[in-house]
Amino acid sequence: MINLVWLVPLLPLIGFVIIGLFGKQLSKGLVGFIGCGSVLGAFIIAAGIFFQLTGQAEKSITVELFPWISAGKLSVPFSFLVDPLSSLFLLIVTGVGFLIHVYSVGYMHDDEGFARFFAYLNLFIFFMLLLVLGSNYLIMFVGWEGVGLCSYLLIGFWFKNTAYNNAAKKAFVMNRIGDLGFLLGIILIFVTFGSIGYHDVFMMAKNFSSGNPVLTSITLLLFVGAIGKSAQIPLFTWLPDAMAGPTPVSALIHAATMVTAGIYMIARSNILFTLSPITMEVVAIVGVCTALFAATIGLAQNDIKKVLAYSTVSQLGYMFLALGVGAYTGAVFHVMTHAFFKALLFLGAGSVIHAMSGEQDIRKMGGLKKYIPVTHLTFLIGTLAIVGFPGFSGFFSKDEILANAFEHNKLLWFLGVLGAAMTTFYMFRLYFLTFKGSFRGTSDQEHHLHESPKSMTVPLMILAVLSIVGGFIGIPEVLGGKHFLEEFLKPVFEDSTLRLIHHLPEQTELILMGVAITVMAAAIYYAYKTYIVNQTLPAAEEEELTPLHQLVYKKYWIDELYDNAITQPLNFISHGLHKVVDNQLIDGIVNGVGTVVNWTSSKIRLLQTGNIGFYVFVMVISIVIILFTRMM
Amino acid sequence: MRGGWRGNKMSAIQTIPINWYLLLSTVLFTIGVLGVLFRRNAIIIFMSIELMLNAVNLLLVAFSSYLSDSKGQVFVFFIMAVAAAEVAVGLAILMMVYRNTKSSDINMLNKLKW
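Line by line, the protein sequences are chains F and P. Per my numbering, residue 1459 is the first one in the first sequence, and the count goes up by one each step. Per my numbering, residue 10 is the first one in the second sequence, and the count goes up by one each step.
The following block contains the structure:
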């Protein structure tokens, strides 16, 4: 199966080409079939690769396809690396991707851009697979840019809306800032190691001493790339805006897969990061700050997708926290469980929006439980999973991260728990306001309320099951389980874990777990009391808010801050340069040359009198002069 | 004198010193130039041009003989052939000019200017 790995990205690419070229001629059914089928095919092969890999001793196989770039000292083959990390990501991308494709068939059914949508989705899957499969940084970079492009195309999918287009541009530009860091990091890797293949780089990196400044610079630059792609402080504002795209896009790209590319990249380069303690601290601090910061914003949002978007930013922060404290397995574990439950929540939100005829404001929802029971149940499961209810997948992964954070630094743990409490509160706030109580929308909407079609509910159910059982592959030993994931990923993180040995005493781990559960229960109770018992409603637009509430509701005015501190000065400077340098100086020089030439020629052309005698006279005189000067 | 052709026997041309040829052709050439410069009748200008050509021809022949090198004389034939062709074209142009302007004054032809 492993030598068939080239088929995994190729299938979605073929799907993209067929749908992209002939989408208009094909029927919707056929487009949906090709779109889903190509990803399903990729998933089946990925599953085959996964099982073959678990069954054999050789854990890191490079499949070389063809030589790609060869220039001077740089030689980059186009080859794929199959190892536990990439095979796990393959499964997540193709598996969740397939479910979201199926869901999209139902969700996008009445959209005129149906074929275009599936073409973009397939292209996205192709680039994402390239990103996780490549055996060197350049292929990863190609995939990295490709998913950015698809993200742009899909955020601005409804391109007739200017606001959506602006959101797409914002995402693209912010990603570009991060990509520059990533690119510089790759160049520095090449300069330092003379190669950009993972194998060579990591082999050589082992000989570097810990804290080497070059490694620190490389990892910091790579981390800048991760900040952009994975929406961390300070480049996180694009992700909430990216919710302008269709909901399946939010689920696939902006929750489950693309935004975790940064985590994948750092997990892949784990040895480089382990050898750079400064970068690790930065990663952990940025991660926990983002987790906390985004969670506070999430507390006050009223748009169902915005809440989930900030929750995604916050959860990505947790993953970076895990990476920063050296818990690579924990980060990857959380990527996986997060992919399940966040895709589930987004798709559930999409189903709610579908039922509400496009309404996204939770103040206008309420009591949807009895109208859309399947969505309600699956959404509840997703909520329980994300808040880390014992037994659900989020519990295990979040617990692992927090335990590792506690060991590294108690403050990080405390902030992490605080963030988790807020997560619990806003998720249950969302759940209560949407599904409990009484309906607050218009009677028109109430009439129209209906459960979504099978193609949408079945993926929800599958994801709900995965959100429950997904955590069982990583049950901590203290609960008498076996951490399969850690075993599986061991070959990838071997060199790093040798350097970061940690084991908490069992009681401590149990106490931490108890604290997390208690905090979570308190947050649920508080949300219940506020929104069910007291029936509080979020303030309407025109209502006066307390300063603190206003601050959080307006997202700390971060967008306005960036606008005033960066965008507008840049615009002002550009405007000035345009007025002065371009219009006056450059245009002056160019036009001046023209004027001078015009003026001189207008004088010189008078020589051309049309009188033949004059011409001959000038000719003779000139010849005579030439002859005389020659004779001198 | 290098490479004397058929011994030292002098040809008829060489009975006159070379300077006289130079002088004569300079005078002829100058007359031609002045004719072109100062006359307005196209036919006279044409004749002046022929005069210049033939001044050069004379010089070529003289040098050819003095240097015992026949290349100069061959060249003269070429010039004569070209001059003949030029006359054919030139006179045809003059005919057309006359038909259009009813005159052979070249100063009538001053339309092609700024």
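Where is the CB? At the ideal position from N, CA and C, for every residue including glycine.
- F:Thr1715 carries a coil assignment under DSSP once its states are collapsed to helix, strand and coil.
- As summarised for the stretch 1964-2003 of chain F, the continuous alpha helix (DSSP H) elements at least 4 residues long and confined to that stretch are 1964-1986, given in chain order.
- Per DSSP, the beta bridge partners of F:His1941 are F:Gly1932.
- Judged by DSSP secondary structure, F:Pro1467 falls within the alpha helix (DSSP H) whose first and last residues are Leu1465 to Phe1480.
- Only buried fits F:Pro1917, as 16 or more other CB atoms lie within 10 angstroms of its CB.
- Taking one beta carbon from each stretch, the stretch 1664-1674 of chain F and the stretch 1704-1712 of chain F have fewer than 3 pairs nearer than 8 Å; the two do not touch.
- If you look at F:Ala1529, you'll find it in the beta strand (DSSP E) that goes Ile1519 to Ala1529.
- Leaving aside the five residues that flank F:Phe1804 on each side, the residues in its chain whose CB is nearer than 7 Å to its CB run, in chain order, Thr1705, Ser1708, Ala1709, Ala1713 and Leu1766.
- Annotation for F:Val1463: Ile1503, Ile1507, Val1521, Phe1538, Val1540 and Leu1591 place their beta carbon closer than 8 Å to its own, counting only its chain and skipping 5 residues before and after.
- Taking a Cβ-Cβ threshold of 7 Å, the residues of chain F close to P:Leu121 are Gly2068, in chain order.
- Residues of the stretch 2052-2083 of chain F with a C-beta atom less than 8 Å from some C-beta of chain P are Arg2063, Leu2064, Gln2066, Thr2067, Gly2068, Asn2069, Ile2070, Gly2071, Val2074, Phe2075 and Val2078, listed in chain order.
- For F:Val1560, the three-state secondary structure derived from DSSP is helix.
- Non-local C-beta neighbours of F:Ala1861 in its own chain, meaning closer than 7 Å and more than five positions away in sequence, comprise Leu1962, Glu1967 and Leu1970, ordered along the chain.
- With 16 or more other Cβ atoms inside 10 Å of its own Cβ, F:Gln1773 counts as buried.
- At least one CB of chain F lies nearer than 8 Å to the CB of P:Leu46.
- In the DSSP assignment, F:Val1534 is bridged to F:Ile1527.
- The straight-line gap separating the alpha-carbon atoms of F:Gly1784 and F:Tyr1595 is approximately 21 Å.
- Straight through space, the alpha carbons of F:Ala1997 and F:Thr1841 are spaced by roughly 23 Å.
- Looking at the DSSP output, F:Gly1655 bridges to F:Asn1594.
- A check of alpha carbon separations from F:Leu1579 across F:Asp1568, F:Gly1606 and F:Phe1599 identifies F:Gly1606 as the nearest.
- Each of F:Gly1720, F:Ala1922, F:Leu1679 and F:Glu1909 was checked against the Cα of F:Ile1736, and the nearest Cα belongs to F:Leu1679.
- Assigned with DSSP and collapsed to three states, P:Asn50 falls in strand.
- Counting C-beta pairs with one atom in each stretch, the stretch 1680-1687 of chain F and the stretch 1546-1554 of chain F have fewer than three that are closer than 8 Å, which means they do not touch.
- P:Val42 belongs to the set of residues whose beta carbon lies under 8 Å from a beta carbon in chain F.
- Judged by DSSP in its simplified three-state form, F:Val1540 adopts strand.
- The alpha-carbon separation between F:Pro1949 and F:Ser1593 amounts to approximately 16 Å.
- Contact between the stretch 1790-1810 of chain F and the stretch 1558-1567 of chain F is established, with three or more Cβ pairs separated by less than 8 Å.
- Secondary structure at F:Asp1569: coil, using DSSP grouped into helix, strand and coil.
- For the pair F:Leu1543 and F:Tyr1989, the Cα-to-Cα distance works out to about 42 Å.
- Within the DSSP secondary-structure output, F:Asp1819 pairs in a beta bridge with F:Asp1761.
- In the DSSP annotation of this structure, the continuous segment of the alpha helix (DSSP H) that includes F:Ala1500 starts and ends at Lys1486 to Gly1513.
- Judged by beta-carbon spacing, P:Asn116 lies within the 8 Å limit of F:Asn2069, meaning their Cβ atoms are closer than that value.
- Straight across, the Cα-Cα distance linking F:Met1723 with F:Gly1604 is about 15 Å.
- By DSSP's assignment, P:Asp114 forms a beta bridge with P:Asn50.
- In the same chain as F:Ala1689, and ignoring 5 residues on each side of it, the C-beta atoms closer than 7 Å to its own belong to Trp1696, Leu1697, Val1717, Val1771 and Leu1774, in chain order.
- For a cut-off of 8 Å, the C-beta gap from F:Leu1888 to F:Ile1820 is around 6 Å, short enough to register as a contact.
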